[in-house]
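Asker: Please read through the structure below; I'll follow up with questions.
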Amino acid sequence: MKWSIIKNDFIRNKTIHLALFLFMMFSTCLAVLSVITAVQTFTSISTLYEIAQPPHFLQMHKGEIDQEEIRSFMKKNPLVTYSQIATMIDIYGENLTVIGPNAHYDLSDCRLDIGLVKQNATKDLLLDSSHQKVTLGQGEIGIPVLLKEMYGIAIGEHIILTDNSVRKEFVVKEIILDSMMNSPMVSSTRILLSDKDFDELVGIVGEIEYLVEAYFSNTKQANDFKTAYEDASLAQNGQAITYAMIFTLSALTDIVMVLVLLLVSILLIIVSFICVKFSIMAALEEEVREIGTMKAIGLSFTDIRALYLTKYRVLALVGVGVGYVVALLCSNVITKHISSTFGYIQTSALTGVLSLAVSVLVFLLITYYCKKILKKIRKLTVVDALVSGKGFDKDTKSIKDGLHTAKKLSVNSLMATREVLHAYKNWIVVFSVVLIAVMMIMVPVNLLYTFEAPEFITYMGSSLEDILIEVENGEQLEPNYTKVKQILENDSSIKNYYEYRTTRVKTTNSKHVPMNLDIDSGDMAGNGLQYLSGKAPEGQHELALSFLNADELEKGVGDTVELMFHATKQEFVISGIYQDVTSGGLTAKSKRQFPFLAAKKYSFSVNLKDSAVIVGKAVEWAAIFGAGVTVDPMEAFINQTLGGVTKQLRTMVFAIALLGASLAMLITVLFMKLRLAKDLSEITILKAIGFSKRDIHMQYMIKIGLVSLSGILAGVVLTNFLGEKIVNAALGIAGLGIKQVHLITNLAMEYLICPIVLMALVLLVTALVVRTIENYTIVSIIKE
């Protein structure tokens, strides 16, 4: 009898049950996809790293190098288990021309540092998509995935290298996976050549750069080794990178995708719960007399609840099961970026177990929630159900709002407004979905605008100026500094400029282990940055620390840190803690010049009188200064550091906006079908007393419009209130040196474009669904 009742109910209320099924399916699907993406991301990276074996510590160095001295240091250091020195030929993008079947272009617009390398013997290997070590023949070349994604370079195309009167043509044999330089934030990429081709070109084209690589038994020893390496005054004319930084930058894009999928699935599960409650209560209200009759003839609460609970268990089981299968079928599309970046691997058993566990968890949550709602049956009495007609709604107070006296409101507007105001809980689904859609769209959009804004430079350890000039470490450091200084002093187009000198000072961390601080010194050092707490240094014994350095030292504003230089110790007061993503996020600022310490780098922040000539002036200076000096407009500097992230974020924002709008439309359609099915008798009664189809149509449009408008307004408010907190929590987890970002809001997008588009889409699908009331008649309601 139970199964017969359930079967007949499914047939009788197909629309309601289809809507619930789709909610359960979508929420399960997204939850499973988030788990699959997370597991595949870390499994793929771990598999790639296990085979490719990227270094635990990398020091890049341009210029002459004493390899024997470095090898001797490595052998004597007890932390090092293996080390190697790799050679790389640095070239510019304009030196490479790609010839394809339908394209002919060079890579002059590539801001990544491009290096030509040959395959290493056993560690830091460049692999193919199957995680096999790539071996090339003469005339063949391996292009990294990073350049393939940027330019669409394909296997079989030709690459022509021209430099220093040398012209050499290669054919693309393989798209390679680089475990160490696979993120635009690393700012470098490697192209693989055969050993013979590399040996022919080394010393003839480009500039030589060395990669000093060290391995340890524990990757956490990298920071301790880094300090020892720097103290030994070995080759360090370039960026130093640790294993943890490599892993974080590699996984960042996919981790963000996991967080987005997980957030959306949680929001969708919440919406599913709201819809489940709405449908259960609608069914109970419609069948209140039947429930009262069952209680009157002696059926217990447990028996009555079981009739309803079994139906929803079956529905949840089917919905969760189908969602699980759909997630498995769609997983390849979602994890495509992971496979292309880190190589394809078979779905692991862990992926299957965790995704199944998530599906079971969603099923149990839905079942538990259904049981909780069905407890209302216990409180229903036979008198309420069969005599008084109160049913489950015990609120019988009369409505006194004064709206009935409003002479300027039409009858349709009056009826629609009164229902929304006094039965708002019946429309909470649309309100919630629109609110969620606004937040889903606007939080990523605001983050994208923030990353692309010039003001973001203040989160990167630099103040906001027009042009950034950096004099790189090396034998020509001081002559290049002098040259830059003279040109800036004599250039009449300059409004003002600020000079900074980077030196290295010793201190000890919270565990009393020696560590080095790279301090940028200058009259304006620390000014114009984004401080988490405190302010820029002012006196000669004040110091501002980057967030990651303050965390390593376990120091806060007002604390003192002891700096050691020239065999003396001096205490500096921490004036502020700022945010920085450059140099691994490990920097410091001080007004003190430290004149007796050797400079590691010089930098200049330049403001021009005419902002229209920024790009032209940067190109002019770059040609004059030559090698060893980089000149970037601030906007280009931001793009070089975060360009890859913003590109991925821009694609993701578009996808999220499409998903949010589609979600709002889909759930509005499903909700309206539920609503119209529940309101069948009311609609036919309105028709019987003289309301036209147009009147009823207008009433539903006004109801949805009011609810959607309130959802949009609430979404905008919550975006402004919670958006920064959500973004800052995610950035804190990423560990990039940025803990707190003040989102830059696009007013037109947040207050006009997004609300208008969402409102229009919701009203459009509502209008389409409401057309079905044309089929509602007195005869149909009697048959029901």
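Using numbering that gives the first Met the number 0, the letters of the sequence shown correspond one by one to residues 0 to 783.
Using N, Cα and C, we set each Cβ at its ideal position, and we do this for glycine too.
Keep in mind it's a predicted model, so treat the numbers as computed, not measured.
Within the continuous alpha helix (DSSP H) that includes residue 787, where are the two ends?
Answerer: Nothing in the structure corresponds to residue 787, since the chain is present only between 0 and 783.
Asker: What did DSSP end up calling residue 455 once you bin it into helix, strand or coil?
Answerer: Three-state DSSP puts residue 455 in a helix.
Asker: Count the other C-beta atoms from every protein chain shown that fall within 10 angstroms of the C-beta of residue 529, then say buried if there are 16 or more, exposed otherwise.
Answerer: So residue 529 ends up on the buried side.
Asker: From the DSSP output, in three-state form, read off residue 464 for me.
Answerer: Coil, per DSSP.
Asker: In this structure, how does DSSP classify residue 348 when only helix, strand and coil are distinguished?
Answerer: In this structure, residue 348 counts as helix in the three-state DSSP scheme.
Asker: If you measure between the beta carbons of residue 83 and residue 191, is that distance less than 8 Å?
Answerer: Taking 8 Å as the Cβ cut-off, residue 83 and residue 191 do not qualify as a contacting pair.
Asker: Just curious, the alpha helix (DSSP H) that residue 66 is in, first and last residue?
Answerer: Start and end: 66-75.
Asker: Based on DSSP bridge pairs, tell me the residues matched to residue 87.
Answerer: Answer is 208, bridged to residue 87.
Asker: Could you tell me which residues DSSP puts in a beta bridge with residue 174?
Answerer: DSSP output for residue 174 lists 142 as bridge partner(s).
Asker: Cα-Cα, which of 136, 767 and 504 is closest to residue 595?
Answerer: Minimum Cα distance to residue 595 is reached at 504.
Asker: For residue 463 versus residue 451, is the C-beta spacing smaller than 8 Å?
Answerer: No. Outside cutoff.
Asker: Per DSSP, what are the beta-bridge partners of residue 654 in this structure?
Answerer: In DSSP, residue 654 forms no bridge with anything.
Asker: In whole angstroms, what separates the C-alpha of residue 414 from that of residue 283?
Answerer: Spanning the two alpha carbons is a distance of roughly 25 Å.
Asker: Are residue 129 and residue 342 close, meaning C-beta to C-beta below 8 Å?
Answerer: A contact, by the Cβ cut-off of 8 Å.
Asker: Quick check: what's the CA-CA separation for residue 311 versus residue 585?
Answerer: Answer to the nearest angstrom: the Cα atoms are 55 Å apart.
Asker: Classify residue 25: buried if its beta carbon has 16 or more other beta carbons within 10 angstroms, exposed otherwise.
Answerer: So residue 25 ends up on the buried side.
Asker: Throw me the rounded Cβ distance for the residue 519 and residue 499 pair, which I believe falls under 8 Å.
Answerer: Residue 519 to residue 499, Cβ: 5 Å. Contact.
Asker: Leaving out five residues before and five after residue 754 in sequence, what residues of the same chain have Cβ atoms less than 7 Å from its Cβ?
Answerer: The answer, listed in chain order, is 711.
Asker: Touch check for the stretch 195-205 and the stretch 25-41: three-plus C-beta pairs under 8 Å?
Answerer: Counting Cβ pairs under 8 Å, fewer than three are found: no touch.
Asker: Using the beta-carbon count (16 or more within 10 Å), is residue 563 buried or exposed?
Answerer: Its Cβ having fewer than 16 others within 10 Å, residue 563 is exposed.
Asker: Figure out for me which residue from 326, 89 and 540 has the closest Cα to the Cα of residue 61.
Answerer: The option with the nearest alpha carbon to residue 61 is 89.
Asker: Can you confirm whether the stretch 668-688 touches the stretch 744-759 when touching is taken to mean that 3 or more C-beta pairs between the two stretches lie within less than 8 Å?
Answerer: They do not touch, by the three-pair rule.
Asker: Let me confirm a value: residue 154 is counted as buried when at least 16 other C-beta atoms fall within 10 Å, else exposed. Which label applies?
Answerer: It counts as exposed.
Asker: With a cut-off of 8 Å on the beta carbons, I'd call residue 652 and residue 443 a contact; round off their distance for me.
Answerer: Sure, about 5 Å apart at Cβ, within 8 Å.
Asker: State yes or no: is the C-beta of residue 226 within less than 8 Å of the C-beta of residue 447?
Answerer: No.
Asker: Please give me, in chain order, every unbroken run of the alpha helix (DSSP H) with length at least 4 that falls completely inside the stretch 304-341.
Answerer: List check, alpha helix (DSSP H) in window: 335-341.
Asker: Report the rounded CA-to-CA distance for residue 28 versus residue 516, giving the unit in angstroms.
Answerer: One C-alpha to the other measures close to 48 Å.
Asker: Please state the DSSP three-state secondary structure of residue 58.
Answerer: In the structure shown, residue 58 sits in a strand (DSSP, three-state: E or B).
Asker: Classify residue 595 as helix, strand or coil using the three-state DSSP reduction.
Answerer: Coil, per DSSP.
Asker: May I ask which residues mark the beginning and end of the alpha helix (DSSP H) holding residue 488?
Answerer: 476-489 is the extent of the alpha helix (DSSP H) around residue 488.
Asker: Measuring from the CB of residue 718, is there a heavy atom of the ligand NAP at a distance below 7 Å?
Answerer: In terms of ligand content, the structure shown is empty, and the ligand NAP therefore cannot be addressed.
Asker: Using only alpha-carbon positions, find the residue among 560, 609 and 417 that is nearest to residue 573.
Answerer: Nearest of 560, 609 and 417 to residue 573, Cα basis: 560.
Asker: To which residues does DSSP link residue 100 through a beta bridge?
Answerer: Bridge partners of residue 100: none, in fact.
Asker: Mind checking whether residue 116 and residue 140 have CB atoms under 8 Å apart?
Answerer: For residue 116 and residue 140, no; Cβs fall outside 8 Å.
Asker: If you drop the 5 nearest sequence neighbours on each side, which residues of the same chain put their C-beta closer than 6 Å to that of residue 35?
Answerer: Same-chain partners within the cutoff: 330, 350 and 354.
Asker: What does the Cβ neighbour count give for residue 538, buried or exposed, with the cut at 16 atoms within 10 Å?
Answerer: Classification of residue 538: exposed, given that the 10 Å Cβ count is below 16.
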